[in-house]
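So the structure is just underneath, and the comments pick up after that.
There are 2 protein chains.
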Amino acid sequence: MADGFGVRLQERIRALGPLCVGVDPSAALLTSWGRSDSVEGLEFFALAVLDAVVGTAAAIKPQVAFFERFGSEGYRVLERLLHEARDADVLVVADAKRGDFNVTNEGYAEAWLSERSPLRVDAVTASPYLGVSALEPLFRVAEENDRGVFVLVATSNDEGRALQMARTDEGERVEEMVFRHVAHLNQRVDGLGNFGVVLGATRDRPAFDMTKLGGPYLVPGVGAQGATPENVGRLFDRCPAGTVLVNVARSILNVGPERSALKDSAQRWRDDLSAALA
Amino acid sequence: MADGFGVRLQERIRALGPLCVGVDPSAALLTSWGRSDSVEGLEFFALAVLDAVVGTAAAIKPQVAFFERFGSEGYRVLERLLHEARDADVLVVADAKRGDFNVTNEGYAEAWLSERSPLRVDAVTASPYLGVSALEPLFRVAEENDRGVFVLVATSNDEGRALQMARTDEGERVEEMVFRHVAHLNQRVDGLGNFGVVLGATRDRPAFDMTKLGGPYLVPGVGAQGATPENVGRLFDRCPAGTVLVNVARSILNVGPERSALKDSAQRWRDDLSAALA
Numbered sequence: 001m002a003d004g005f006g007v008r009l010q011e012r013i014r015a016l017g018p019l020c021v022g023v024d025p026s027a028a029l030l031t032s033w034g035r036s037d038s039v040e041g042l043e044f045f046a047l048a049v050l051d052a053v054v055g056t057a058a059a060i061k062p063q064v065a066f067f068e069r070f071g072s073e074g075y076r077v078l079e080r081l082l083h084e085a086r087d088a089d090v091l092v093v094a095d096a097k098r099g100d101f102n103v104t105n106e107g108y109a110e111a112w113l114s115e116r117s118p119l120r121v122d123a124v125t126a127s128p129y130l131g132v133s134a135l136e137p138l139f140r141v142a143e144e145n146d147r148g149v150f151v152l153v154a155t156s157n158d159e160g161r162a163l164q165m166a167r168t169d170e171g172e173r174v175e176e177m178v179f180r181h182v183a184h185l186n187q188r189v190d191g192l193g194n195f196g197v198v199l200g201a202t203r204d205r206p207a208f209d210m211t212k213l214g215g216p217y218l219v220p221g222v223g224a225q226g227a228t229p230e231n232v233g234r235l236f237d238r239c240p241a242g243t244v245l246v247n248v249a250r251s252i253l254n255v256g257p258e259r260s261a262l263k264d265s266a267q268r269w270r271d272d273l274s275a276a277l278a
Numbered sequence: 001m002a003d004g005f006g007v008r009l010q011e012r013i014r015a016l017g018p019l020c021v022g023v024d025p026s027a028a029l030l031t032s033w034g035r036s037d038s039v040e041g042l043e044f045f046a047l048a049v050l051d052a053v054v055g056t057a058a059a060i061k062p063q064v065a066f067f068e069r070f071g072s073e074g075y076r077v078l079e080r081l082l083h084e085a086r087d088a089d090v091l092v093v094a095d096a097k098r099g100d101f102n103v104t105n106e107g108y109a110e111a112w113l114s115e116r117s118p119l120r121v122d123a124v125t126a127s128p129y130l131g132v133s134a135l136e137p138l139f140r141v142a143e144e145n146d147r148g149v150f151v152l153v154a155t156s157n158d159e160g161r162a163l164q165m166a167r168t169d170e171g172e173r174v175e176e177m178v179f180r181h182v183a184h185l186n187q188r189v190d191g192l193g194n195f196g197v198v199l200g201a202t203r204d205r206p207a208f209d210m211t212k213l214g215g216p217y218l219v220p221g222v223g224a225q226g227a228t229p230e231n232v233g234r235l236f237d238r239c240p241a242g243t244v245l246v247n248v249a250r251s252i253l254n255v256g257p258e259r260s261a262l263k264d265s266a267q268r269w270r271d272d273l274s275a276a277l278a
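Quick mapping for you: the protein sequence lines, in order, are chains A and B. Counting in my numbering, the first sequence runs from 1 upward without gaps. Counting in my numbering, the second sequence runs from 1 upward without gaps.
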């Protein structure tokens, strides 16, 4: 991989559109697909979603929690999904929301971002409660391996607003402090940087200048959570082309296991999102 | 398990003392033990630490990152460690710092706190960046299964202070908002509640009333990170007996793989911490 994650993602979005499909094998979804809530059901679901969205989605975003609930066997399925996605040349963002500090973050970096790990992905999501700068091992290993990190800035759920809008003793909102730190990391490179942020589509435009990121946005909240492609279009209207990756999960997955129905649904969302961001 | 996690932990601390031993199989520690940085090295290390601290430590705290770096094979080793710990009747706190919202947290709850999961533990650590109330699925499943959750309030590293000390629009520090919410959860029960907080020993006494938690404290930062048993004694001097669980990892693990040396080191730390908290 000669290009970094940011550049590769931007190329992919320009070619295929901004859709990221969430791979969320919850117990409820497996049941609604007529599958057992088991490792076998999990594997069927994950591979079926991947198969249906190749060529339509710029990336997939497996939600690690739904694999972890089956322990090591669930992780074996996740590893198979990641392997198949690499073979199919689909970018993968692992939604793991990992975050610790020091040598523990080296462990997480090794798990998700090192070349030798069976869990290696193109990018991983990270949570900054222990400080953005504490995530340095993840940033460093990502940079070394042309991979990426999406740091949580403003999530799509209401419960997080009080914390994310709190003001530091310097008078800055937490969401802005995190954003500013990630933007600073991207200043070192030409082209789109490897460090992105998660910013939910369910919210109003933040007070900080969103065009200053220099990296990609990962956008949850569209579909089942209530935001529309038009909300996305308005929120990100000033961001450069190919820098916004919009996740849709339940609104696509709810159509059930039939391949053509899944593909049709993904293509409709992709087209609507492309139009809204044009 | 008729008793909840809080009650069981308090009984254990009263019987054995307040020591929690961190199971942190980092690459550096495996190497310093003369073992390969591999799944085999991981398994040897984890089981050796457990074996050496049975009867001395009230609990062990495996750091999940160091198992995850080996993918599903690492998780298989973690499952074996958890199985052996249950057989040896040692309480386990999984240091996973999980945190999301809604159905995703149901996935994490199922992974760490449900009866049928191979990863089930007595308690798991959780991160509140998406809001403490968003952790409700973890709290609910913990309560149903007499297990526990330790929510990050004030971590032991410097990088997290700006965020954790930020003030919400109601004028409350983030650390106090999280603390208050967890304390509220414990008000429903007699005896020590199942919901604890992580509060690092490296810091000064917070502005909120630490005696109001009604649940256990998990205390990192002692030993390699610089805090002493005396720091712990001062910080928690007003907390009820048996409510403070103090994690020590590197300062014990650095003695190497020899069983009696590990046991001696753990006993010294246990005795020093017991004296400081008496």
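Note that CB positions come from ideal geometry on N, CA and C, so glycine has one too.
Query                                                                                                              : Result
Inter-residue CB distance, B:S265 and A:R76 (contact presumed, cutoff 8 Å)                                         : That pair is no contact at about 36 Å.
Own chain partners of A:V93 with C-beta closer than 6 Å, once the 5 adjacent residues on each side are dropped     : A59, K61, A123
C-alpha distance - A:G17 paired with A:E11, whole-angstrom precision                                               : 10 Å
Under 9 Å by beta carbon: chain A residues contacting B:R167                                                       : A166, R167, T168, D169
Proximity of A:N247 and B:G131 at Cβ, strictly below 8 Å                                                           : no
Nonlocal neighbours in the same chain, by C-beta distance under 6 Å from B:T56, ignoring five residues either side : A266, Q267, R270
beta-carbon B:P220 near the ligand SAM non-hydrogen atom, thresh 7 Å                                               : As for the ligand SAM, it is missing from this structure, which has no ligand bound.
Same chain, Cβ closer than 6 Å to A:G4, five either side skipped, listed in chain order                            : D146, N194
Among B:V151, B:T104, B:C239, nearest to B:D209 - alpha-carbon criterion                                           : B:C239
N- and C-terminal bounds of the alpha helix (DSSP H) containing A:D95                                              : Per DSSP, A:D95 belongs to no alpha helix (DSSP H); it is in the beta strand (DSSP E), 91-98.
Closer than 8 Å to chain A by CB, B:M177                                                                           : yes
C-beta contact flag for B:L199 and B:L9 at 8 Å                                                                     : no
Short-range partners of chain B found in the region 132-154 of chain A, where Cβ spacing is below 8 Å              : V132, S133, A134, L152
Interface flag, A:N254 vs chain B, CB-CB below 8 Å                                                                 : no
Cβ contact (3+ pairs, closer than 8 Å) linking the region 174-183 of chain B and the region 220-232 of chain B     : no
Assigned exposure category for B:S260 - 16 Cβ within 10 Å defines buried                                           : exposed
CB contact flag (B:R120, B:S127, <8 Å)                                                                             : no
Own chain residues within Cβ distance below 8 Å of B:L163, not counting five before or after                       : V174
Contact under 8 Å by Cβ, A:T125 with B:Q63                                                                         : no
Anticipated Cβ contact below 8 Å, A:E176 with A:A224, distance rounded                                             : A:E176 to A:A224, Cβ: 28 Å. No contact.
DSSP three-state assignment for B:T125, whether helix, strand or coil                                              : strand
Alpha-carbon spacing of B:L213 relative to A:V153, whole angstroms                                                 : 29 Å
Within chain A, partners of B:S117 - CB distance below 7 Å                                                         : R69, G71
Nearest candidate by alpha-carbon position, reference B:F101, set B:R116, B:S133, B:V222, B:R14                    : B:S133
Contacts that A:S127 makes with chain B (C-beta to C-beta distance below 7 Å)                                      : G99, S127, Y129
Coil, strand or helix - A:N186 by DSSP                                                                             : helix
Within-8 Å CB hit, B:E159 to chain A                                                                               : yes
Contacts of A:N247 in chain B (Cβ-Cβ under 7 Å)                                                                    : The contacting residues do not exist; A:N247 stays about 12 Å from chain B at best.
Partner residues on chain B for A:Y75, Cβ-Cβ distance less than 7 Å                                                : G71, S72, Y75
Residue burial classification, A:T211 (beta-carbon count within 10 angstroms, cutoff 16)                           : exposed
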